[in-house]
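Peer 1: First to last, the protein sequences are chains C and G. According to my numbering, the first sequence is numbered sequentially starting from 43. According to my numbering, the second sequence is numbered sequentially starting from 2.
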Amino acid sequence: MAEYILETRGITKHFPGVLANDNVEIKIRQGEIHSIIGENGAGKTTLMNIIYGLIRPDRGEIFYRGKKVEISSPSIAIRLGIGMVHQHFMLVPPFTAWENIILGKEVIKNGVLDKDSVCSELKRLMDSYGLSVPLEERVEDLSVGIRQKVELIKLLYRGAELLILDEPTALLVPQEIEELFEILDNLKKQGKTVIFISHKLKEVLRISDRITVMRRGKVVGELEREEANEETLARLMIGKTLESPQLEVYERGEEVLRLEGISLPPKLRNINLSLYKGEILGLAGIEGNGQKELLEIITGLLRPEKGRIFYKNREVQHLDPKSLRELGIGFIPEDRQTTGLILDFTVAENIILGRHDKEPYSIRGKLNLPTIKKTAVDIVKDYDIRASSVDKHVRFLSGGNQQKVILGREFYFEPEVLIASQPTRGLDIGATEMIHNLLLSARRRGMAILLYSSDLDEIMTLSDRVAVIYNGEIVGILSPREIDEATLGLYMTGVRKD
Amino acid sequence: MIRRILISILAPLLAVLLAFSVGAIVMYILGENPFYVYKILLINSVTNINGWGYVLFNATPLIFSGLAVALAFKGGLFNIGVEGQLYIGAFACAWFGITFNVHPVIGIPIGLLFAMIFGGLWGVIAGYLKARFGAHEVIITIMLNFIAMALTNYLVNNPFKEPGQINPIPQTKELFSGSIIPRVYPLFNKFGVSLSSSVPLNYTFFIAIVFCVIVWYFLERTKWGYEIKAVGLNPKASRYGGINPSHIMILVMFLSGALGGLAGVNDVMGYRYRFLDGFSRGTGFTGIAVALLGKNNPIGIVFASILFGILDRGALAMDVFTNTPRELIRVIQAIIIIFVAIGNEFIFRLLQRLERESE
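Right, here's the structure in full:
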């Protein structure tokens with residue numbers, strides 16, 4: 043038996059204007075967890091799509107169990123025993139879990155689906171891998187973590203030996219990530235091989251046997267777990283070393299935003315918070331503890347049942363997003379693709395969103411195209427947004443550049459308060475660093491920033507104070523310089539409370 | 002850029018060619034001589050000036066109904082109710098025309114305005130119900146079609162029926178001359194172009210072209226157009242950007258209905274000079290096909306309308322001059338449209354891929 047279950051030689055793929063894969067050689071050993079890391083746009087996903095038969099390479103060969111194979115479609119990949127869990131799940135939401143799992147490989151008895159034999163087989167499968175999902179529930183009612191398990195069972199049911207997971211942790215909360223890693227360890231013990239795509243170094247170091255690093259379409263390193271640490275990986279990934287941002291400490295300014303007794307049962311109970319000029323107030327909490335509702339209330343998308351919000355001593359809880367923006371409150375919404383941007387609008391059109399009906403962008407209802415274009419060009423230049431022109435649709439920009447369009451839009455009008463929700467979610471190291479620096483320089487200019495993030499590192503390094511929300515209540519306001527992540531975790535899980 | 006323009010012109014042309022080839026095969030199988038049938042079709046439509054007159058006359062209401070559907074599409078709404086808005090608009094301008102005897106300089110614009118306002122109000126019912134209660138606009142507009150047809154049928158049969166009418170189909174009395182949109186043949190003849198006085202092409206066609214420009218300008222150059230497109234593409238982000246999607250829905254359905262109402266003007270003010278019961282025969286529905294074929298683009302809509310106009314004119318000629326049964330003509334017409342739609346997409350993608358690979 044060949045030592046390598048999968049080997050690629052000289053894989054090259056051009057897309058218009060980019061060389062996505064340049065002579066890529068990877069070697070995956072039978073029975074290992076192999077991570078492939080790299081920044082967004084490094085060519086990881088392209089390579090995986092080639093291996094899974096979704097894209098044809100321009101050049102190059104793939105060897106599976108020592109034999110050269112032509113993978114021209116995913117069905118060939120599945121037949122070979124290669125399975126892939128995409129970053130965005132391929133499930134039918136109104137179908138139940140078991141219906142989704144057997145989709146494409148249905149067992150028929152007397153012309154109807156043989157549910158009993160399918161479910162008993164699935165139960166056996168789940169037991170042997172220590173995986174369990176509620177088979178009878180509809181996928182749309184399941185959490186992201188469970189949906190991912192459904193995808194995994196789907197692959198195992200099809201007899202996959204090599205499992206490709208594309209950024210599997212991107213949407214998971216810490217507990218779910220830990221659970222996923224246990225499952226992966228289990229799979230390894232049962233002899234399965236896993237390719238784990240990520241750009242989160244801690245996770246990669248935690249789970250992998252070996253690590254391949256990609257940069258700009260090329261393989262730039264192949265390391266055993268023992269040889270690797272965060273620093274070496276980061277240097278390989280981005281080609282330079284990273285500095286973690288230093289927060290200069292200074293007296294905080296006057297209060298600009300105050301929440302008094304905000305309640306929205308059952309989600310929020312009596313929230314009191316103040317935000318001061320020139321500070322970053324971190325908001326930490328496990329997803330589903332009310333932070334989403336709280337942020338929507340502050341940004342005017344939701345009305346509280348009780349309580350008041352003051353912006354510079356003016357009551358604002360009844361205002362809509364537009365009026366709040368006009369007062370000087372900027373927003374970075376959590377989901378940039380569905381809420382922050384209109385993907386099929388151009389960069390310029392997105393940049394004026396929210397001010398499109400104000401002078402100088404429209405004059406008596408007529409759009410002032412030269413001025414719009416000029417503002418857009420300025421922002422693109424100032425924020426180093428990589429787009430060939432401001433007339434390009436933002437759909438074709440990378441995640442980091444999309445986020446920069448939003449930041450550019452919000453910062454251009456110098457709001458006094460910025461509500462930033464998950465501003466770096468899904469971004470690579472380089473783009474994250476850039477966003478962090480933008481937030482810090484805004485803080486230096488005196489902006490008051492409320493930062494919600496599920497990345498605790500981010501909260502701890504950027505915030506002056508951290509407010510922890512648990513079960514709809516603020517359970518503590520902490521100073522990140524006095525506590526560690528573990529203590530923060532105790533507050534977040536409701537174990538400790540001030 | 003030049004290549005992109007070339008593609009967008011070439012794709013529909015090749016699609017039409019493909020469609021006609023398929024139509025020829027079908028005719029051959031059914032025992033007709035495709036060359037003869039096509040010859041008749043073309044001689045009576047595009048190879049002489051009178052033929053073109055009829056083609057453009059046929060295209061006129063389709064341009065309006067295509068624009069109505071396209072505008073709603075841009076705002077993320079599916080307006081199936083153009084047929085109903087057309088009847089309401091047509092009746093409104095007919096009522097004005099038979100009630101008030103004014104100078105054409107006032108009569109024609111007010112007639113148009115009546116068609117727009119009443120068509121728009123008919124459309125806005127669906128927009129309001131969607132914005133207020135989330136009722137799906139497709140169901141509401143379909144039902145409003147039935148109501149509009151029944152309502153105008155009642156009106157033209159009872160209070161507004163022409164006294165002493167001989168025509169078996171109920172109609173109103175004739176419009177006063179002040180609301181009549183004149184035909185274009187005198188103008189053409191003055192410039193030495195011989196257009197027969199029997200050709201019904203009238204100035205409504207030019208009004209339709211002007212509205213293409215207005216709709217384009219409105220969508221691409223005004224803040225309202227911006228807001229409509231924003232809501233159509235992403236209502237959630239629009240809300241974040243301070244746009245109220247409910248207001249936009251109501252606005253879009255009013256404007257779409259207004260364009261739908263104008264689709265009734267050609268027949269009432271420009272051709273029959275009266276409201277004839279059930280005159281439209283699906284012009285509002287054809288607008289959906291026109292908008293899709295024209296890719297919701299005003300210029301595309303003009304060309305798609307002209308294609309439908311040619312086929313309608315050709316069908317009439319085939320009926321008169323060949324033995325091809327009328328039903329078969331309808332079949333061929335539909336096949337050609339289906340293949341233009343398929344071919345348009347197919348060739349567009351093919352050419353796009355060629356362009357990408359040549360980069």
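Where a beta carbon is used, it is the ideal one built from N, C-alpha and C, also for glycine. Bear in mind the structure is a predicted one, so any value in this text is a computation, not a measurement.
1) Check whether the region 182-189 of chain C touches the region 103-121 of chain C, counting contact only when three or more Cβ pairs, one atom from each stretch, lie closer than 8 Å.
2) Comparing the C-beta of Y218/G with each C-beta of chain C, is any distance below 7 Å?
3) Spatial neighbours of M43/C within its chain, please: CB distance less than 6 Å, with the 5 preceding and 5 following residues excluded, ordered by chain position.
4) Looking at the unbroken beta strand (DSSP E) that takes in R507/C, where does it start and where does it end?
5) For the region 73-102 of chain C, list every residue whose C-beta sits within 9 Å of some C-beta in chain G, in sequence order.
6) Does the region 195-203 of chain G touch the region 285-305 of chain G, meaning 3 or more C-beta pairs lie closer than 8 Å?
7) Look up N203/G in the DSSP assignment and give the residues it is bridged to.
8) With a cut-off of 7 Å, does the C-beta of L294/G fall near any C-beta of chain C?
9) Thinking C-alpha only, which one of Y403/C, E302/C, R98/C is nearest E112/C?
10) Residues of chain C with CB under 8 Å from T61/G, in chain order?
11) Using the beta-carbon count (16 or more within 10 Å), is L196/G buried or exposed?
12) Using a C-beta to C-beta distance shorter than 8 Å, which residues of chain G count as neighbours of R367/C?
13) Can you tell me which residues form a DSSP beta bridge with L277/G?
14) Could you tell me whether the Cβ atoms of G349/C and L460/C are closer together than 7 Å?
15) Report the neighbours of L383/C on chain G: residues whose CB is nearer than 7 Å to its CB, in chain order.
16) Please report the residue range of the alpha helix (DSSP H) in which G288/G lies.
17) Among E67/C, V149/C, A429/C, K434/C, which residue has its Cα nearest to the Cα of N443/C?
18) Is the CB-CB distance between G243/G and K364/C below 7 Å?
19) Who are the neighbours of P465/C on chain G, taking C-beta pairs under 9 Å?
20) From what residue to what residue does the beta strand (DSSP E) around I239/C run?
21) What's the C-alpha gap between G153/C and L213/C?
22) Can you have a look at Y155/G and say buried or exposed, based on whether 16 or more other CB atoms are within 10 angstroms of its CB?
23) How about N235/G: is its C-beta nearer than 7 Å to some C-beta of chain C?
24) Looking only at its own chain, which residues have a Cβ that is under 6 Å from the Cβ of F280/G, when we skip the five neighbours before and after it?
25) Of all the beta strand (DSSP E) runs that stay within the bounds of the region 208-287 of chain C, which reach a length of 3 or more residues?
26) Counting along the chain, where does the alpha helix (DSSP H) carrying K165/C start and finish?
27) Which of the three DSSP states, helix, strand or coil, is assigned to I244/G?
28) DSSP on I81/G, reduced to helix/strand/coil?
29) Taking just the CA atoms, how far does M168/C sit from S463/C?
30) Anything in chain G within Cβ reach of P375/C, meaning under 7 Å, just list it in chain order.
31) For a contact defined as C-beta to C-beta under 9 Å, what are the partners of A231/G on chain C?
32) Under a CB-based cut-off of 7 Å, is K408/C close to chain G?
33) Would you say I6/G reaches chain C, if we count a Cβ-Cβ gap shorter than 7 Å as a contact?
34) Give me, in chain order, the residues of the same chain whose beta-carbon lies closer than 6 Å to that of L176/G; leave out the 5 immediate sequence neighbours on both sides.
35) To the nearest angstrom, how far is it from the Cα of R486/C to the Cα of P412/C?
36) Can you give me the start and stop residues for the alpha helix (DSSP H) that M319/G sits inside?
Peer 2: On the basis of the supplied data:
1) no
2) no
3) Confidence at M43/C is low in this model, with a pLDDT of 45, below 50, so the placement of that residue is unreliable and no value is reported for it.
4) 507-512
5) none
6) no
7) R184/G
8) no
9) R98/C
10) Chain C residues near T61/G: none, gap ~29 Å exceeds 8 Å.
11) buried
12) G243
13) Q172/G
14) no
15) A238
16) 284-294
17) A429/C
18) yes
19) Within chain G, no residue comes near P465/C; the closest Cβ sits about 15 Å away, beyond 9 Å.
20) 235-240
21) 39 Å
22) exposed
23) yes
24) D268
25) 235-240, 252-257, 260-266
26) 157-171
27) coil
28) coil
29) 36 Å
30) Y241
31) I384, F387, E391, L395, H398
32) yes
33) no
34) G98, I99, Y274
35) 32 Å
36) 299-322
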